[in-house]
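Below is one structure; the comments refer to it alone.
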Amino acid sequence: METFIERLAQKSASGAETHGAASECHHEGGRLLVCPHIEALTPYQPGRPPEVLMRELGLKRFINLASNENPFGPPGSSLKAIKAAQGELSRYPESSGAKLRQALADKYNLWMENVAIGSGSESIISNIVRAFLHGDDEALTSAGTFIGFPVLIKAHGVNLRTVPLRNYRFDLEGIADAINHRTKIIYLCNPNNPTGTIFTKSEFENFMTKVPDRVLVIMDEAYHEFAGNAEEFPDSLQYRYDNLLTLRTFSKAYGLAGLRVGYGFGHDYLIGFINKIKLPFEPNHLAQVAATAALNDHKYLKRSIDNNRQGMKLLVEEFDRRGLEHVTSHANFILVETGDEERVKKIHEDMLRQGVAIRPLKAFGLPTCFRVTIGLPDENRAFIKALRKVL
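In terms of the numbering used here, the sequence shown is residues 1 to 391.
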């Protein structure tokens with residue numbers, strides 16, 4: 001079969017215009033050479049789009065409880081701000097994102113220089129990796145945590161080491177013991193995705209005494225709004241460690257997952273390097289105005305948190321009634337342990353046929369578990385009804 005490179009060569013020889021200099025492409029056996037760490041990378045695998053599943057399965061209604069999204073949709077305040085900003089779409093966004101960064105700084109009693117923003121938390125993590133990892137530096141985290149972090153680390157060709165979860169929680173003692181002279185970044189997710197567990201204030205404070213100043217600690221608090229009332233939850237903004245970076249997002253409690261807005265806090269020395277290398281116009285203009293509006297929409301946030309608390313209670317009661325082992329969650333989802341990988345696969349497939357999507361966790365390193373997001377009250381009831389049929 002004719003290769004892409006051969007087709008480009010033929011097109012060039014015939015005098016046709018080519019996009020890119022094919023003759024300068026380095027290739028071997030008709031195959032472009034790719035960095036080994038990129039070639040070996042397993043990409044993030046999202047679920048199939050709901051409209052595809054509905055068509056394939058002949059469904060009239062589909063409930064997605066697989067992605068930890070906010071079931072209320074975006075805040076009305078954000079939609080109003082987007083509508084007002086539509087006439088500005090021919091202009092580039094303000095490059096530094098000053099308005100959103102200042103709003104975040106004001107809310108959390110910081111200087112704007114302590115704030116970074118990006119197209120989702122993953123964008124900021126990527127910039128952190130680019131800014132601070134080089135040579136034989138290594139990253140360290142837990143197995144069974146947010147799979148976006150390992151993907152980003154490996155995409156940059158950096159060595160990643162992991163420590164197993166202990167009772168579905170970050171083993172901070174084990175991570176501290178695993179620090180070596182190459183460790184440069186430690187990633188912590190609290191509450192942890194996909195388990196919903198947290199480590200406590202005393203555990204975190206003890207851990208930080210064991211972390212060398214040269215090691216950067218990333219605290220991913222994407223679900224902190226749902227855990228804020230837990231007395232033992234260590235809100236990272238209550239600490240002032242110079243080597244600590246906090247990551248948060250508008251995708252969960254604020255209902256703006258489709259706009260991809262993440263933000264981070266840290267020492268201005270660290271944030272300065274992150275902002276120096278970020279894409280100049282991210283997040284996009286509509287994302288920035290929507291996030292700024294959502295930040296002050298306290299009614300929407302309270303409604304989201306209240307719904308989550310009530311829905312969590314309903315699902316926990318159902319799991320207990322059916323004897324399903326589950327993990328206490330401080331997020332907007334709950335993990336169920338079935339003890340059998342094949343059972344997870346069957347439950348997932350059968351639930352899809354009932355029009356409800358849940359998340360099998362094999363990709364997270366938890367093949368015998370599935371995760372379900374808290375939905376609207378009628379979605380939670382529909383999930384329970386479908387689960388009863390399936391089981």
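Note that CB positions come from ideal geometry on N, CA and C, so glycine has one too.
Who are the Cβ neighbours of Q354 in its own chain at under 7 Å, not counting the five residues just before and after it?
-> The residues A386, K389 and V390, in chain order, have a CB closer than 7 Å to that of Q354 in the same chain once the five nearest residues on each side in sequence are set aside.
To the nearest angstrom, how far is it from the Cα of R381 to the Cα of L324?
-> Those two C-alpha atoms are separated by around 17 Å.
Quick one, which of L315, N284, V289 and G228 has its alpha-carbon nearest K392's?
-> The displayed coordinates of the chain run from 1 to 391. Any statement about residue 392 would go beyond what the structure contains.
How is M265 classed by DSSP in three states: helix, strand or coil?
-> Note on residue identity: the sequence assigns Phe, not Met, to residue 265. For F265, the three-state secondary structure derived from DSSP is strand.
Please list, in chain order, all residues of the same chain as V289 whose beta carbon is under 7 Å from its beta carbon, the five residues on each side excluded.
-> Cβ within range, chain order: A81, I82 and A85.
Contact between the segment 202 to 211 and the segment 166 to 183 (3+ Cβ pairs under 8 Å) | Touching, yes, given that three or more Cβ pairs across the two stretches are closer than 8 Å.
Determine whether the Cβ of L247 lies closer than 9 Å to any Cβ atom of chain D.
-> The structure shown contains no chain D; it holds only a single protein chain.
How big is the Cα-Cα spacing for L314 and D268?
-> Going by the C-alpha atoms only, they are around 43 Å apart.
Please state if the CB of T373 and the CB of R343 are separated by a distance shorter than 9 Å.
-> R343 is not a Cβ neighbour of T373, given a cutoff of 9 Å.
Separation of A155 from G73, as counted between CA atoms | If I take the Cα positions, the gap works out to 32 Å.
Tell me, to the nearest whole angstrom, how far the beta carbon of A230 is from that of H326; I am working on the premise that it is less than 8 Å.
-> The beta-carbon separation of A230 and H326, rounded to 17 Å, does not stay under the 8 Å limit for a contact.
N-terminal and C-terminal residue of the beta strand (DSSP E) that S95 is part of = Premise fails: S95 is in no beta strand (DSSP E) and is neither H nor E.
Nearest to L256 (by Cα), restricted to the options V52, E69, N307 and N64 = Among V52, E69, N307 and N64, the Cα nearest to that of L256 belongs to E69.
If you draw a straight line from the alpha carbon of R166 to that of G339, how long is it in whole angstroms?
-> Taking the straight line from one Cα to the other gives about 16 Å.
S142 bridges to which residues according to DSSP?
-> Partner(s): V163.
With DSSP as the reference, label I358 as helix, strand or coil.
-> Here I358 sits in coil by DSSP.
Whole-angstrom C-beta distance between I179 and V215, which should lie under 8 Å = That belief holds up - the Cβ atoms of V215 and I179 are roughly 7 Å apart, short of 8 Å.
Output the residue ranges of the alpha helix (DSSP H) runs that lie fully inside the segment 268 to 311 and measure 4 residues or longer, sorted by chain position.
-> Scanning the segment 268 to 311 for uninterrupted alpha helix (DSSP H) segments of 4 residues or longer gives 268 to 277 and 285 to 295, listed from N- to C-terminal end.
Under three-state DSSP, which class holds F72?
-> Under the three-state reduction of DSSP, F72 is assigned to coil, being neither helix nor strand.
Rounded to whole angstroms, what's the CA-CA distance from R321 to G262? Just pull it up for me.
-> Roughly 38 Å between the two C-alpha positions.
Can you tell me whether DSSP reads I63 as helix, strand or coil?
-> Strand, per DSSP.
Any idea what DSSP makes of A116, helix, strand or coil?
-> It is a strand residue.
For S477, count neighbouring C-beta atoms within 10 Å of its own C-beta (all shown protein chains included) and say buried if the count is 16 or more, exposed if not.
-> Since the first and last residues shown for the chain are 1 and 391, residue 477 lies out of range.
How should I358 be labelled, buried or exposed, when 16 other C-beta atoms within 10 angstroms of its C-beta is the threshold for buried?
-> Counting Cβ neighbours within 10 Å, I358 comes out buried, since at least 16 surround it.
Count the other C-beta atoms from every protein chain shown that fall within 10 angstroms of the C-beta of C35, then say buried if there are 16 or more, exposed otherwise.
-> The residue in question, C35, is exposed, as its Cβ has fewer than 16 Cβ neighbours within 10 Å.
Beta-carbon proximity check, V163 vs L133, cutoff 9 Å = Result no, Cβ atoms of V163 and L133 do not sit closer than 9 Å.
Closest by CA to E203, which one among Y108, H285 and F170?
-> Closest in C-alpha terms to E203, from the list Y108, H285 and F170, comes F170.
What's the gap between the Cα of L33 and the Cα of E317?
-> Their Cα atoms are separated by approximately 54 Å.
Could you check how far apart the C-beta atoms of K99 and T292 are, in whole angstroms? I think they sit under 8 Å.
-> Rounded, the Cβ-Cβ distance is 6 Å, consistent with contact.
For D136, I'd like the list of residues in its chain whose CB is within less than 8 Å of its CB, leaving aside the five on either flank, ordered along the chain.
-> Hits under 8 Å: N159 and R182.
Do F199 and L237 have their CB atoms nearer than 9 Å?
-> When the beta-carbon positions are compared, F199 and L237 stay at least 9 Å from each other.
Could you tell me if N193 is buried or exposed, where buried requires 16 or more neighbouring beta carbons within 10 angstroms of its beta carbon?
-> Counting other Cβ atoms within 10 Å of its Cβ, N193 reaches 16 or more and is therefore classed as buried.
Helix, strand or coil for I185 per DSSP?
-> For I185, the secondary structure class from DSSP, reduced to helix, strand or coil, is strand.
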